[in-house]
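In order, the protein sequence lines correspond to chains A and W.
In terms of our numbering, the first sequence opens at residue 1 and continues consecutively.
In terms of our numbering, the second sequence opens at residue 1 and continues consecutively.
Here is the structure we will look at, set down as structure tokens.
There are 2 protein chains.
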Amino acid sequence: MSGTTIEFATPFVVFFGDIDDESWGKTGLGLVQWRPEACVGQLRLPGCGVDAGVPKLDVPGAKSAGARSLIVGSAAVGGGVPDHWVATLCEAAAIGIDIVAGLHVRLESLPGLHEAATRGGARLIDVRVPPPGLPVGTGRKRSGRRLLTVGTDCACGKKYTTLALDREMRARGLKSDFRATGQTGIMIAGRGLPLDAVVSDFLTGAAEILSPDNEPDHWDIVEGQGSLFHPGYLQVTVGLLVGSQPDAFVVCHDPLRTEISGWPDYPLPSIGALIERTTAIGSLTNTGIRCVGIALNTSKMTAAERSAVIDRYARETGLPAVDPIIDGAGPIIDRLMQEFPA
Amino acid sequence: MSGTTIEFATPFVVFFGDIDDESWGKTGLGLVQWRPEACVGQLRLPGCGVDAGVPKLDVPGAKSAGARSLIVGSAAVGGGVPDHWVATLCEAAAIGIDIVAGLHVRLESLPGLHEAATRGGARLIDVRVPPPGLPVGTGRKRSGRRLLTVGTDCACGKKYTTLALDREMRARGLKSDFRATGQTGIMIAGRGLPLDAVVSDFLTGAAEILSPDNEPDHWDIVEGQGSLFHPGYLQVTVGLLVGSQPDAFVVCHDPLRTEISGWPDYPLPSIGALIERTTAIGSLTNTGIRCVGIALNTSKMTAAERSAVIDRYARETGLPAVDPIIDGAGPIIDRLMQEFPA
Numbered sequence: 001m002s003g004t005t006i007e008f009a010t011p012f013v014v015f016f017g018d019i020d021d022e023s024w025g026k027t028g029l030g031l032v033q034w035r036p037e038a039c040v041g042q043l044r045l046p047g048c049g050v051d052a053g054v055p056k057l058d059v060p061g062a063k064s065a066g067a068r069s070l071i072v073g074s075a076a077v078g079g080g081v082p083d084h085w086v087a088t089l090c091e092a093a094a095i096g097i098d099i100v101a102g103l104h105v106r107l108e109s110l111p112g113l114h115e116a117a118t119r120g121g122a123r124l125i126d127v128r129v130p131p132p133g134l135p136v137g138t139g140r141k142r143s144g145r146r147l148l149t150v151g152t153d154c155a156c157g158k159k160y161t162t163l164a165l166d167r168e169m170r171a172r173g174l175k176s177d178f179r180a181t182g183q184t185g186i187m188i189a190g191r192g193l194p195l196d197a198v199v200s201d202f203l204t205g206a207a208e209i210l211s212p213d214n215e216p217d218h219w220d221i222v223e224g225q226g227s228l229f230h231p232g233y234l235q236v237t238v239g240l241l242v243g244s245q246p247d248a249f250v251v252c253h254d255p256l257r258t259e260i261s262g263w264p265d266y267p268l269p270s271i272g273a274l275i276e277r278t279t280a281i282g283s284l285t286n287t288g289i290r291c292v293g294i295a296l297n298t299s300k301m302t303a304a305e306r307s308a309v310i311d312r313y314a315r316e317t318g319l320p321a322v323d324p325i326i327d328g329a330g331p332i333i334d335r336l337m338q339e340f341p342a
Numbered sequence: 001m002s003g004t005t006i007e008f009a010t011p012f013v014v015f016f017g018d019i020d021d022e023s024w025g026k027t028g029l030g031l032v033q034w035r036p037e038a039c040v041g042q043l044r045l046p047g048c049g050v051d052a053g054v055p056k057l058d059v060p061g062a063k064s065a066g067a068r069s070l071i072v073g074s075a076a077v078g079g080g081v082p083d084h085w086v087a088t089l090c091e092a093a094a095i096g097i098d099i100v101a102g103l104h105v106r107l108e109s110l111p112g113l114h115e116a117a118t119r120g121g122a123r124l125i126d127v128r129v130p131p132p133g134l135p136v137g138t139g140r141k142r143s144g145r146r147l148l149t150v151g152t153d154c155a156c157g158k159k160y161t162t163l164a165l166d167r168e169m170r171a172r173g174l175k176s177d178f179r180a181t182g183q184t185g186i187m188i189a190g191r192g193l194p195l196d197a198v199v200s201d202f203l204t205g206a207a208e209i210l211s212p213d214n215e216p217d218h219w220d221i222v223e224g225q226g227s228l229f230h231p232g233y234l235q236v237t238v239g240l241l242v243g244s245q246p247d248a249f250v251v252c253h254d255p256l257r258t259e260i261s262g263w264p265d266y267p268l269p270s271i272g273a274l275i276e277r278t279t280a281i282g283s284l285t286n287t288g289i290r291c292v293g294i295a296l297n298t299s300k301m302t303a304a305e306r307s308a309v310i311d312r313y314a315r316e317t318g319l320p321a322v323d324p325i326i327d328g329a330g331p332i333i334d335r336l337m338q339e340f341p342a
């Protein structure tokens, strides 16, 4: 099978530039939170107001600390990359540190960076750019197990639910890998494929190479994208679902949302409708597919509201319901192991 | 709304190179068959064994006959473009004839062609390459009516069924446009979008701009792609379905096929299952969606077999069933007009 995923070397240093507001540094802050063991520190320029709480390094210090990659963990206001940021990237590339970014512009296009990377033997890795040679999906049954997160909408907690499920499995000594399908996930995992940027014809094929054959008791925990009831993005969700051929899925839902965010004419689907549709479409490549839990984003609720809403969804679906960020993913992994004993 | 379709000028001349077998010239032969009124003739190099039955021209003769575009209507054995073909393309571009092709290589990359086109003020149009600036799908309800062809598989007659439906509507004086979604269809229509080559995130948006707002009694007849039960390509089908927001659909089916062609582990879906799934997914952007007919490819059957199979599908579905290439699309358009009176 042709095609490979994006992959970069660790440990890494996170670059925040000189942003002064955490909202511009969400990617970098998420990285430090979810992959602390692979992070040697942070690179901040004079005036930077964000502090991820890890060692403050300059470029030579990052090299000494063992950094093999510099990850651009913030976005510059306006979308461009300021010259003084580029200067720091060039300094790192010139001493052999790979540069990893998910910018709107290609790293190659930043002035002097290609030359610096060539001089230092560094790679420039754009996590928004799919690698060449992705295949068409074959539908061939692969060995090993897979779980996919699906959502009632975009941006409702799929990535962090996926990470929490993987973390819980590893904590129990189970064999598990987080499979990233979006740029932030790829930065956290150190590998993956940005599925929304893949040419339509190769979307199922990309999802297939993302979770290849594996040991019978190994689980790939695959980050979901979009929603099956989303009028703009459902094609991405469908390709990921059929290519991943998951055995199990977890529904992610924000209980305070009533419509597709940004598409106000489209009401949010019910969880029951989403389970039914996911099962119907997913059955094409895995007839045993089933839902094993509900992940709720309750971050904006009081404790009493949280408890009531979690009870309600558990009762309505007959499935474990949790806020995985607050409660952990334990009850869902319990259910997964009941449904699919090793 | 941003983004536009590919579009080229007519009339055109078809270029066959020096192929000696009709199977390499299917695109060009289909063009002459389906758009004779826009074709001034054919360009054949010495040794060419294919004859489309239209005037044989050289480049100056094509210019004199009014050709505004030269369409490469054949594939060269091996996939490349021979130097003596390129010389003819350069000759045409240099005197201001646009060059249109769906090759695996970009026209820009052929030696001397960019320069010749600049000199002659000609455009180089790759119909496999989507235009830049395609938007994300909005799901906004558009004015006018739409019909989409769907299939139990790829390559089962969707393109020619769509053309036959459009032809029948025009013959009755109804307002209709054929909307092309693949390279051959784009060449026939003179415009369209190669949906399988669009980046996943913009697939529904591309389908939306392909059939824009129109008069209330105008029908866009949209060429389908892939199949909802195809493990490699269903994401393209889903994006096209939801972005097109069709009022009506026609199922295309090859009665001799039992499995997805090239994917032998996947049985062909039943027509009933396909109607149900198409209606379920299409309802997201058009709650009134319904099936108005069955188009059967009976080209390899005897007259008795044909008649029996057409009767059987009509009885089983309660819908008009025809082979549109042999019988025309009349009964399906009758049903469409009953279901959606002007």
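All residues carry an ideal CB built from backbone N, CA and C; glycine is no exception.
This structure is a prediction, so every number in the text was calculated from the model and none was measured.
A residue is called buried once 16 or more other Cβ atoms fall within 10 Å of its Cβ, and A342 of chain A, having fewer, is exposed. Under the three-state reduction of DSSP output, T298 of chain W falls in the coil class, being neither helix nor strand. For V150 of chain A, no Cβ of chain W is located within less than 9 Å of the residue's own Cβ. Between V250 of chain W and V292 of chain W, the CB-CB gap stays under 9 Å. In this chain, S176 of chain A is not harboured by any alpha helix (DSSP H); it is covered by the beta strand (DSSP E) spanning 175-179. Separation of G121 of chain W and A116 of chain A (C-alpha to C-alpha, rounded to the nearest whole angstrom) is 40 Å.
For P331 of chain A, the secondary structure class from DSSP, reduced to helix, strand or coil, is helix. In this structure, the straight-line span from the alpha carbon of A171 of chain A to that of G190 of chain A is close to 20 Å. Annotation for Y266 of chain W: the continuous beta strand (DSSP E) segment containing it runs 263-267. In this structure, the CA atom of G133 of chain A is about 22 Å from the CA atom of A9 of chain A. Using beta-carbon distances, W263 of chain W counts as an interface residue toward chain A, with a partner under 9 Å. Of all residues in the segment 181-198 of chain A, those with a C-beta nearer than 9 Å to a C-beta of chain W are L195, D196, A197, V198, reading in chain order.
The beta carbons of W34 of chain W and L163 of chain W sit closer together than 9 Å. Nearest C-alpha to P231 of chain W among W:A75, W:H218, W:S283, W:S261: W:S261. Around the Cβ of H253 of chain A, a 10 Å sphere holds 16 or more other Cβ atoms; the residue is buried. Around the C-beta of K159 of chain A, 16 or more other C-beta atoms lie within 10 Å, and the residue is accordingly described as buried.
The C-alpha of V40 of chain W is placed about 12 Å away from the C-alpha of P60 of chain W. The DSSP assignment places 234-244 as complete runs of the alpha helix (DSSP H) inside the segment 232-263 of chain A, in order along the chain (cut-off: 4 residues). Cβ neighbours of G243 of chain A within its own chain (closer than 8 Å, five residues either side excluded): G137, L203, T204, G205, A206, A207, E208, L210, T285. Shown here for P212 of chain A: not one same chain residue has a beta carbon closer than 6 Å to its own, the five before and five after excluded. Interface residue (Cβ-Cβ distance to chain W less than 9 Å): K175 of chain A is not classified as such. A52 of chain A and V32 of chain A do touch by the CB rule: their CB atoms are close to 4 Å apart, below 8 Å.
For the pair T149 of chain A and L274 of chain A, the CB atoms are not nearer than the 9 Å cut-off. The CB of F229 of chain W comes closer than 8 Å to the CB of L284 in chain A, given here in chain order. Less than 9 Å separates the beta-carbon of K26 of chain W from that of T184 of chain W. In this structure, DSSP gives A321 of chain W an extended state, which the three-state scheme calls strand. The beta carbon of P55 of chain A sits closer than 6 Å to those of G41, all from its chain and outside the five residues before and after it, given in chain order. For the segment 206-235 of chain A, residues whose beta-carbon sits nearer than 8 Å to a beta-carbon of chain W comprise F229, P231, G232, Y233, L234, Q235.
Per DSSP, the continuous beta strand (DSSP E) segment holding H218 of chain A begins and ends at 218-222. In this structure, the beta-carbon distance from L165 of chain A to I333 of chain A falls below 9 Å.
In this chain, the beta strand (DSSP E) harbouring R145 of chain A covers 145-151. Only buried fits A197 of chain A, as 16 or more other CB atoms lie within 10 angstroms of its CB. One alpha carbon belongs to H84 of chain W, the other to R68 of chain W, and they sit about 21 Å apart.
For C48 of chain A, the secondary structure class from DSSP, reduced to helix, strand or coil, is coil. In the three-state reduction of the DSSP assignment, K56 of chain W falls in the strand class, which pools E and B. A Cβ of chain W is located within less than 9 Å of the beta carbon of G239 of chain A.
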